[in-house]
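Structure first, then comments.
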Amino acid sequence: MKLALRGGRVLDPSQGLDRIADVLIEDGLVSAVAEPGPGVADAEHDVRGLVVAPGFIDIHVHLREPGFEYKEDIESGTRAAAAGGFTAVCCMPNTQPAIDTAAVVRQIIERAEAVGCARVYPIASLTRAMTGGQLSEIADLKAAGACAVSDDAFPVQDSETMRRGMEYCAQFGMVVMTHNEDQALTHGGAMNEGLTATVMGVPGIPATSEDIGAARNVLLSRLTGCRLHLLHISTAGTLDVLRLAKREGIPVTGETAPHYLTLTDEACLGYDTNAKMNPPLRTGRDRDALRAGLAEGVIDAIATDHAPHAPYEKEQEFDKAPFGIVGLETAFGLVHTHLVLPGVITLADAVSLLSAGPARALGLPGGSLAPGSPADLTVLDLAETWTVVPATMQSRSRNTPFAGQTLQGRARMTVVGGRVVEI
Amino acid sequence: MHDLLSLRETETHDIRHLLTTAATLKDILSRPVKKVPTLRGRVVVTLFYEASTRTRTSFELAAKYMSADAVNIAVAQSSVTKGESLKDTLRTLQSVTADCIVMRHPSSGAAHLAAQFADVPVINAGDGRHEHPTQGLLDALTIAQAKGRTGSFRLDGLSVVIVGDLAHSRVARSNVWCLTKLGAQVRWCGPATLMPADASGLPVTVHTDLAEGLHEADVVMVLRLQTERQEKGLLPSVREYARTWGVNAAALRVARPDALVMHPGPMNRGVEISAEVADGVGGIRVGIEDQVRNGVAVRMACLYLLMDQPPDAHGGASSPTSTDVAPEVRS
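Okay, structure coming up:
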């Protein structure tokens, strides 16, 4: 089976490649990036005027299956991924049951192979059922195909448990991904602590709670040698922690999300529960620091923290509504419109932060169009302007704060393992 | 004006209009027959998710003086305890012909959510630590009357200090917007652990020292201290609070001689306010009873202005003056 994408602008930051070329694919692998021309292929796609990039990889997604299929499942979640240009996602373990046994890891992988529109790499929980107690069977989980471990939204508070967990993971080369939060400082909080929360009378989540959590985890990474990945960095302070850790040679990577780069806590005014997530939207100062952090290269990846919730769950009192927003289908449009077009980062940076960067952070395949690489590609239309209409999204859920926003730039097509994804 | 959700989002001219109307309607309270037919046949539902005696009673009296039928939904006895959502509760109330919903709720923003689901006017009777708009209005009316500003409802040149637990106070959050819109200068005074984050970003000056906060103040508004704050580690003891931030006659000496002392109630005598101050001993001017009386008048004005217009006029720019109210009131 041969596939050719003809005449596109091939942009592969992992090889410093940016030119008009044909991408030739054979048996699920990239066989060549060649001068445009005629050739023989089983399927031809004219992608003149479009950008061909390595497939996007979102290392922070909640697919909700098993257990919460009314919010999302592997089929709908990976369809949303494909619509957003993602060819692979890593799914978080806060399912029911949690991803804390090899059986659940295998179930997700098999289900994704059967119905998925993107590759799915399960993230297992560090502790059983994310309770912060007994460790999950890390070796078994790794053998079954877990790509990393995380207790995500239930961050381990006890430093001894975290230390032993990281020591244990280090011996298997398992990356520990942490949501960084000292929960003693955040109890009852529903949005960023600051002037906006004060005006709204909403209990606050101080930025310092994230910074302390990140600093502790970084210090434990130094102590244990365990590879650490800081999830959804939302504050200038945590970015400073990441920068300092890298300068010290501590094995740490970090991601942020499109919403932290484009919104501030003022989006919560009017009690819009679609602007409620954890960590919360912060101040303009934090947003600007994160933008600078992308440009500077301190941040390794942009991940969405795609967190679907049913409408009736979000149609509640602000403090009762669950945390989280969907993000797969808006990520590229937001990054292109708000960061690339204004010149904060280059298009190559954006592609790298969405593909090679996250692949490196977790040691995943992908992120490159070098010959012999898996043929996972994203075709982008940089000129398309479109409006975010939740009702037409592929995700089963609708909880986005970007409804009605007009964005420029959208994924047109994804290719996974040499096959064009139909959505 | 369709709803009354917060004074931050209420236009200054609407605030003045509510106050002018309340001042007019207050006459009814001193009549032998306390009833006008203005809202006859209309139904006001008070939906209280938090215990409240004075605010709920005040709204009920206001409704009854205006001849509306007042129905109280006590949440402890309702289907809410069976897990009904706010949306479903409001839809149900509306379908049983509520013409106005007065709601108190422990979640900040609950009134905004209610207004999304209800077509009829929603009056916020206190949501979490966000706002308590009718309290802000009754406080402004009390100040205007005490200071002779009811002609214009301009409070320019007056310094109002709000003392106490500002972090958890919806009263303080309504007052800051209402009073500054009317021209007053507002100070917030209390311990740092009871001051919300970035309070200095509000149109207030922030003080932790009581004498500094009270200096030359025209109005001293004392907030209730929830005594459980010490259990949460926010205060060493109620005793230390009373000695450091309690408003007593000695502390008041730095305020203006004609300073008016107010309290939204219920008071903890001997904690945030001394008994002598609460009782106005020694010529101290106390507005607490006026606040209660003005509360009924303000709530009558709110019900009148939000309900006494045809449904299709909701959201329009209708702004009857006090003279429009007067003939009906006197009938």
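Note that the protein sequences, when read in sequence, are chains A and B.
Under our numbering, the first sequence has 295 at position 295, and the numbering climbs by one with no breaks.
To get our numbering, take the position in the second sequence, counting from 1, and add 423.
For each residue, glycine too, the CB sits at the ideal point set by N, CA and C.
Asked: Counted within 10 angstroms of its Cβ, other Cβ atoms place residue 1(A) as buried (16 or more) or exposed; Found: exposed
Asked: Euclidean distance between Cα positions of residue 742(B) and residue 437(B); Found: Reliability fails at residue 742(B), whose pLDDT of 39 lies under 50, so the model's placement of it is uncertain and no value is given.
Asked: Between the CA atoms of residue 206(A) and residue 217(A) - distance to the nearest angstrom; Found: 18 Å
Asked: Proximal residues of chain A, C-beta to C-beta of residue 593(B) below 8 Å; Found: 201
Asked: Three CB pairs or more closer than 8 Å across the region 577-585 of chain B and the region 634-652 of chain B; Found: yes
Asked: Supposed close pair residue 153(A), residue 105(A) - CB separation, criterion 8 Å; Found: Residue 153(A) to residue 105(A), Cβ: 19 Å. No contact.
Asked: Three-state class that DSSP yields for residue 465(B) in the structure shown; Found: coil
Asked: DSSP-derived helix/strand/coil call for residue 109(A); Found: helix
Asked: Any C-beta of chain A under 8 Å from that of residue 738(B); Found: Unreliable positioning characterises residue 738(B) in this predicted model, as indicated by a pLDDT of 41, which lies under 50. A coordinate reading is not provided.
Asked: Residues that residue 619(B) contacts on chain A, provided the C-beta gap is smaller than 7 Å; Found: 198
Asked: Nearest to residue 419(A) (by Cα), restricted to the options 245(A), 126(A), 46(A) and 374(A); Found: 374(A)
Asked: Contacts of residue 318(A) in chain B (Cβ-Cβ under 7 Å); Found: 530, 531 and 532
Asked: Residue 121(A), DSSP secondary structure in three states; Found: strand
Asked: CB contact check: residue 404(A) to chain B, cutoff 8 Å; Found: no
Asked: CB contact check: residue 507(B) to chain A, cutoff 8 Å; Found: no
Asked: Runs of beta strand (DSSP E) lying entirely within the region 333-407 of chain A, each at least 3 residues, in chain order; Found: 377-387
Asked: Cβ contact (3+ pairs, closer than 8 Å) linking the region 55-68 of chain A and the region 85-101 of chain A; Found: yes
Asked: Cβ contact (3+ pairs, closer than 8 Å) linking the region 407-417 of chain A and the region 686-693 of chain B; Found: no
Asked: Residue range of the unbroken beta strand (DSSP E) whose run includes residue 278(A); Found: Unbroken run through residue 278(A): none, as it is neither H nor E.
Asked: Members of the region 536-559 of chain B near chain A, C-beta cut-off 9 Å; Found: 536, 539, 540, 550, 551, 552, 553 and 554
Asked: Per-residue DSSP class, three states only, for residue 507(B); Found: coil
Asked: Neighbour list for residue 271(A) in chain B, Cβ cutoff strictly below 8 Å; Found: 531, 532, 535 and 536
Asked: Residues of its chain near residue 698(B), where Cβ-Cβ distance is below 7 Å and the 5 sequence neighbours each way are ignored; Found: 692
Asked: Simplified DSSP assignment, three categories, for residue 650(B); Found: helix
Asked: Contact belief for residue 281(A) with residue 306(A) at Cβ below 8 Å, rounded distance in angstroms; Found: 16 Å between Cβ atoms; not a contact.
Asked: Contact set for residue 196(A): own chain, Cβ-Cβ below 7 Å, skip 5 residues either direction; Found: 265, 266, 268 and 269
Asked: Residues of the region 604-635 of chain B with Cβ closer than 8 Å to any Cβ of chain A, in chain order; Found: 619, 620, 621, 622, 624 and 625
Asked: Beta carbon of residue 424(B) nearer than 8 Å to that of residue 461(B); Found: no
Asked: Rounded straight-line distance, which links the Cα of residue 379(A) to that of residue 25(A); Found: 14 Å
Asked: Closest Cα partner of residue 576(B) within the set 674(B), 620(B) and 444(B); Found: 444(B)
Asked: Continuous beta strand (DSSP E) assignments of at least 3 residues falling wholly in the region 132-215 of chain A; Found: 148-150 and 176-178
Asked: Cross-chain neighbours of residue 596(B) in chain A, by beta carbon under 7 Å; Found: 201
Asked: C-beta contact flag for residue 360(A) and residue 298(A) at 8 Å; Found: no
Asked: Inter-residue Cα distance where the pair is residue 252(A) and residue 274(A); Found: 31 Å
Asked: Opening and closing residue of the beta strand (DSSP E) in which residue 608(B) lies; Found: 608-612
Asked: C-beta neighbour in chain A for residue 431(B), strict 8 Å; Found: yes
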